[in-house]
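Mind the numbering: the sequence shown is residues -9 to 247 in this note's numbering, read in order. For reference, the structure is listed below as C-alpha cells.
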Amino acid sequence: MAESRKPFPFVHGGCTCTTIRYRLLSAPLFVYACHCGECQKSSGSVFKACCIMEFDHVRLLSPTRPLMRKFEAVRHTRIYATCPKCYDVLWHVGSYEPSTINVRVGTLDLPGLMEPDLHIYTESKVDWLVLKEGTRTVKGDMNRAKEWPKSSLIRLLKCKKRYEERIKRESEARKLEEEAEANSHVDEGEGEAEEKTPRNGSPEPSFNEEEEAYIDVDDDEFERRYEEMEKVLQERLEKLSLKLSNQEETNSEGTQA
C-alpha cells in the first residue's frame, strides 16, 4: 500500500494586534530578502524578507479583511495589505506580477521557517550585516528563470493561467452587470442605485520565453520537487517544536528550583 502523503503543515501568520490572521496553503514559490533602499525604508529595517505565494494559496482566517493601500513605487506599483487597527503590512502585490502575493516573513508565527533562498540588491546592503558563507546573493534584482527552481516556475505558470481565468470571469461578470443596468428603467422617485464596489484593474501577467520553456516539464518531476519543499518545511517545523519544548522544560525546572 502506498504511503499516504502528509498534508502541508499549518503555517499561520498575522499582525501584531491579531486582528488579521491568515494561513499559507502551500510551500512558497520562493523566499527572498531585499536590501534595496526602498525596502529598507518601507520595512523600517535594513532589509525586507518575503515569501512569494500564489494569489490563491493564502487563506484569510479572521473575519476582518486587511485594508488595501496603493503605492506608486519607483519601479512599479504596489498594493499593500495592512491591518485596519495596528497598520502592520502583511503582504503586498506588485504590478510586475499580480498573480502572486509577497507575504512578509516577519508576520509569520514561525518566521524561522522561511530562510531566504536569495538576497537581492546586496549592493545596497549595510556593511555591518554579514551574511553567512554560501548565501546566494545578487547585486540587483532577481532573474526568476535563472534563480528559481523549475518546480516553482511550473507552479507560477499554472498560477498565471488561473489568475487570467479569474480576471476573465470578473470582466465578463462586470460586462453583464453593465448591460443589465443599461437595459433597466428606474422609476422616477425610486432610491439611488446600489453603489458598486470599485475595482482596481490589474495588468495581466506576462510570460517570457525562458519561463514558457518550463511548461512542458514532466508533472512527475514537478510533484517530486514540490514534495521536497514540503519535507524541508516539515523538518524545520519539527526542529522549532523541539526547541520550544526544550525551552519550556528548562523554564519549568528553573521555576521549581
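By construction, the Cβ of each residue, glycine as well, lies at the ideal position given by its N, Cα and C atoms.
DSSP, reduced to helix, strand and coil, places GLY102 within a helical segment of the structure shown. If you draw a 10 Å sphere on the C-beta of HIS82, you find 16 or more other C-beta atoms in it, and that means buried.
Residues of the same chain with a CB within less than 6 Å of the CB of TRP138, apart from the 5 flanking positions on each side, are PHE20 in chain order. In this structure VAL93 touches LEU80 by the C-beta definition: roughly 7 Å separates them, less than 8 Å. Here DSSP, grouped into helix, strand and coil, assigns LEU50 to strand. The three-state reading of DSSP puts ILE10 in coil, since its state is none of H, G, I, E or B.
Within 10 angstroms of the beta-carbon of ARG68 lie 16 or more other beta-carbons, which makes it buried. Its chain contains VAL1, LEU223, ARG226, LEU227, LEU230 as the residues whose beta carbon lies nearer than 8 Å to that of LEU103, once the 5 sequence neighbours on both sides are disregarded; these appear in chain order.
In the structure shown, ALA17 falls within a coil segment according to DSSP collapsed to helix, strand and coil. By the Cβ criterion, the region 40 to 51 is in contact with the region 148 to 155, since at least three pairs of Cβ atoms, one from each stretch, lie closer than 8 Å.
As the crow flies, the alpha-carbon of SER33 is around 10 Å from that of GLY27. Secondary structure note for ARG152: its alpha helix (DSSP H) is the uninterrupted segment 140 to 173.
Inclusion of LEU121 and LYS129 in the CB contact set at 9 Å is not warranted, their separation being larger than that value. In the structure shown, CYS29 falls within a helical segment according to DSSP collapsed to helix, strand and coil. For PHE61, DSSP records a beta bridge to ARG68. Per the C-alpha coordinates, the member of CYS76, ALA172, ALA39 positioned closest to PRO106 is ALA39. In summary, SER35 is exposed, with fewer than 16 beta-carbon neighbours lying within 10 Å of its beta-carbon over all protein chains present. DSSP, read as helix, strand or coil, puts ARG94 in strand.
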